[in-house]
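Participant:
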Amino acid sequence: MNKRLLGFVLAAALLLCGAVLLGRQKQPQPDESLDIWGQGASGPAQPESQPEAPGAAPTPLGQLYSAMWISYLEWERVDFSTEAAFTAEVSEMMANCVNLGLNTVIVQMRPFGDALYNSSYFPASHLLCGTQGQGVGYDPLTVLVNGAHALGLRIEVWLNPYRVQLNEQKPATLSADNPAVRWMQQDATSGYVHPAANGLYYDPGVPEVRALIENGVRELVENYQLDGILFDDYFYPTTDTAFDADTYATYGNGQSLEAWRKENVNTLVREVYALIKQLAPACSFGISPSGNIANNLEQQYSDVALWLAEPGYVDYLMPQIYWGFDYATASGNGAYAFENCLGDWAALPRAAGVQLYVALGAYRIGDG
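If you read the sequence shown in this note's numbering, its first letter stands for residue 4, the second for the next number, and so on.
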């Protein structure tokens, strides 16, 4: 077995690693021959026969949602040099996911305002060959979609809508065709992008920014047989009033800064949901917010309670509840212990048809 690949799938992501539905159905058991602890099993069992190639219609969300995140941390270690090499690694990843009893994979395709797929709006990701804007001669997302569907897995594309750079090294250099670069070079549009949290982010209050993000979603849903789109919780990266002072002066229209920022995020979420449902009604739209409800509302301007309670925003929320059952802060506050935090989420009013899942950090197993 290629244990390096298995490690990719089991580690999934530094931030996000798994999800299960808050429901009553029994989860499928993984194949016992899969050597998840490195004890020397011969390798993942292969399905007896592969399902037919996927049709045009996405697979809708089922009662059970059991998923694995495949993040940019995995892409940093995957071989993109040839389509054959990438296909081989993807095939093993997907087989591992099937053998773990999963039914969905969530693949990070735009982590830094760039694309690991053929995009008309965003440059090729530096993760492909080391240089942003330089492609690899084939389309990795096509390989991923085919690999997932061949084994009966749903596949959702994971996007970080506003992040252009995480820090000065990720990515180290932005390409000339990056829309953020083009905007920053023009006086009239330089305020569309701002530094924050040691990185660089699009301004959520700018209509042209929302249009760019929505066009990026449109091309994905139109060009690929995706089963879902998921936003990670990168909305406003800061509470600093200087971040978007000029934008607020232009578009604030008398609202408080907090209310205005929340509505900017709400607008994007609402418009993306409507766009997806117009193009592919069975394609799901979900968001994975912070597990701390108050932080979503007060620091990221993400109105998670509204998205759960009212139709027209999301098909599901998947909060990142990464604290153990006995977790307590240094001051002894146990409010974020798993069962307490989970109870707070479950108590929020929820519209019919809106699901609540839990994102679990497998990398935190053993941390309490």
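By construction, the Cβ of each residue, glycine as well, lies at the ideal position given by its N, Cα and C atoms.
Is it right to say ASP243 is buried, meaning 16 or more other beta carbons lie within 10 angstroms of its own, or is it exposed?
Facilitator: ASP243 comes out exposed.
Participant: Would you check if the distance between the CB atom of SER69 and the CB atom of LEU119 is smaller than 9 Å?
Facilitator: No, Cβ-Cβ distance for SER69 and LEU119 is not below 9 Å.
Participant: To the nearest angstrom, report how far apart TYR237 and ASN295 are at their CA atoms.
Facilitator: Approximately 14 Å, taken between the alpha carbons.
Participant: How would you write the range of the alpha helix (DSSP H) that ASP243 sits in, first residue to last?
Facilitator: ASP243 -> no alpha helix (DSSP H), and no H or E assigned at all.
Participant: Quick check on DSSP: helix, strand or coil for GLY136?
Facilitator: Three-state DSSP puts GLY136 in coil, outside helix and strand.
Participant: Does the Cβ of ARG185 have 16 or more other Cβ atoms within 10 Å, making it buried, or fewer, making it exposed?
Facilitator: Counting Cβ neighbours within 10 Å, ARG185 comes out exposed, since fewer than 16 surround it.
Participant: Going by DSSP, which residues form a beta bridge with HIS197?
Facilitator: Beta-bridge pairing links HIS197 to TYR204.
Participant: Please state the DSSP three-state secondary structure of ASN170.
Facilitator: Strand.
Participant: Expressed to the nearest angstrom, what Euclidean distance is found between the alpha-carbon atoms of ASN121 and GLN137?
Facilitator: If I take the Cα positions, the gap works out to 11 Å.
Participant: CB-CB under 6 Å to PHE246, same chain, minus the five flanking residues each way: which ones, in chain order?
Facilitator: Hits under 6 Å: HIS197, ALA199.
Participant: Counting C-beta neighbours from all protein chains within 10 Å, is the total for TYR288 16 or more, i.e. buried, or is it exposed?
Facilitator: Reading off the sequence, residue 288 comes out as Phe, not Tyr. Its Cβ being crowded by 16 or more others within 10 Å, PHE288 is buried.
Participant: Once DSSP output is grouped into helix, strand and coil, what is the label at ALA70?
Facilitator: ALA70 falls in the strand class under three-state DSSP.
Participant: If you draw a straight line from the alpha carbon of GLU274 to that of ALA98, how long is it in whole angstroms?
Facilitator: About 35 Å.
Participant: Which same chain residues, not among the five before or five after VAL110, have their C-beta less than 7 Å away from its C-beta?
Facilitator: These residues qualify, in order along the chain: ILE73, LEU147, ILE158, VAL160, TRP161.
Participant: Going by C-alpha distance, which of THR241, SER305, ALA151, VAL272 is nearest VAL108?
Facilitator: Out of THR241, SER305, ALA151, VAL272, ALA151 has the C-alpha closest to the C-alpha of VAL108.
Participant: Using CA coordinates, which residue listed in PRO352, GLU211, ASN269, LEU271 is at the minimum distance from THR250?
Facilitator: For THR250, the nearest C-alpha among the options comes from GLU211.
Participant: Could you tell me which whole alpha helix (DSSP H) segments of length 4 or greater appear in the region 281-331?
Facilitator: 296-301, 307-312, all fully within the region 281-331.
Participant: Quick check: is any heavy atom of the ligand ADP less than 8 Å from the C-beta of ASN201?
Facilitator: Looking for the ligand ADP in the displayed structure turns up nothing, as the structure carries no ligands at all.
Participant: Going straight from the alpha carbon of ASP306 to that of TYR339, what length do you get?
Facilitator: Each residue's Cα considered, the two are about 19 Å apart.
Participant: In terms of residues, what are the limits of the alpha helix (DSSP H) holding ILE216?
Facilitator: From DSSP, the alpha helix (DSSP H) with ILE216 extends over 210-226.
Participant: Between the region 312-330 and the region 358-368, are three or more C-beta pairs nearer than 8 Å?
Facilitator: In short, these stretches touch, since the Cβ pair count reaches three.
Participant: Could you give the C-beta distance for MET112 and LEU154, rounded to a whole number, given that I count them as a contact under 8 Å?
Facilitator: Wrong, their Cβ atoms sit about 19 Å apart, outside the cutoff.
Participant: Assign GLN303 to one of two classes, buried (16 or more other C-beta atoms within 10 Å of its C-beta) or exposed (fewer than that).
Facilitator: GLN303 comes out buried.
Participant: Have a look at ILE232, ILE290, ALA362, GLY255 and flag the residue whose alpha-carbon is nearest the alpha-carbon of VAL282.
Facilitator: Just to set this straight, residue 282 is Leu in the shown sequence, not Val. It is ILE232.
Participant: Leaving out the 5 sequence neighbours to the left and right, which residues in its chain are closer than 6 Å to THR62 when beta-carbon positions are compared?
Facilitator: If we look at THR62 and ignore the five residues flanking it on each side, its Cβ neighbours are ARG157, ASP230.
Participant: If PRO174 sits next to PHE89, beta carbons under 8 Å apart, how far is it from one beta carbon to the other, in whole angstroms?
Facilitator: The pair is not a contact, with the Cβ atoms about 20 Å apart (cut-off 8 Å).
Participant: Quick one: what's VAL160 bridged to in DSSP?
Facilitator: VAL160 pairs with VAL110, ILE232.
Participant: Which residues in the same chain have their Cβ closer than 6 Å to the Cβ of LEU201, if we skip the five residues on either side of it in sequence?
Facilitator: Looking at the sequence shown, residue 201 is not Leu but Asn. Closer than 6 Å at Cβ, skipping near neighbours: ASN170.
Participant: Exposed or buried, what is ILE368 when buried is set at 16 or more other beta-carbons lying within 10 Å of its beta-carbon?
Facilitator: When all chains shown are included, ILE368 counts as exposed.
Participant: Use the C-beta contact count for SER293: other C-beta atoms within 10 angstroms, 16 or more gives buried, fewer gives exposed.
Facilitator: Buried: at least 16 other Cβ atoms inside 10 Å.
Participant: With a threshold of 16 other CB atoms inside 10 Å of the CB of ASP117, please say whether the residue is buried or exposed.
Facilitator: Flag for ASP117 reads buried.
Participant: When the Cα of TRP348 is compared with those of CYS100, PHE328, LEU311, which residue comes out closest?
Facilitator: Residue LEU311 is the option with its Cα nearest to TRP348.
Participant: Give the single residue among ALA91, GLU222, SER94 whose Cα lies nearest to the Cα of PHE125.
Facilitator: That would be GLU222, whose Cα lies nearest to the Cα of PHE125.
Participant: What's the gap between the Cα of ASP82 and the Cα of GLU92?
Facilitator: So the alpha carbons of these two residues sit roughly 8 Å apart.
Participant: When you compare the CB positions of LEU271 and GLU225, do they come within less than 9 Å of one another, or not?
Facilitator: Their beta carbons are not under 9 Å apart, which means LEU271 does not touch GLU225 by this criterion.
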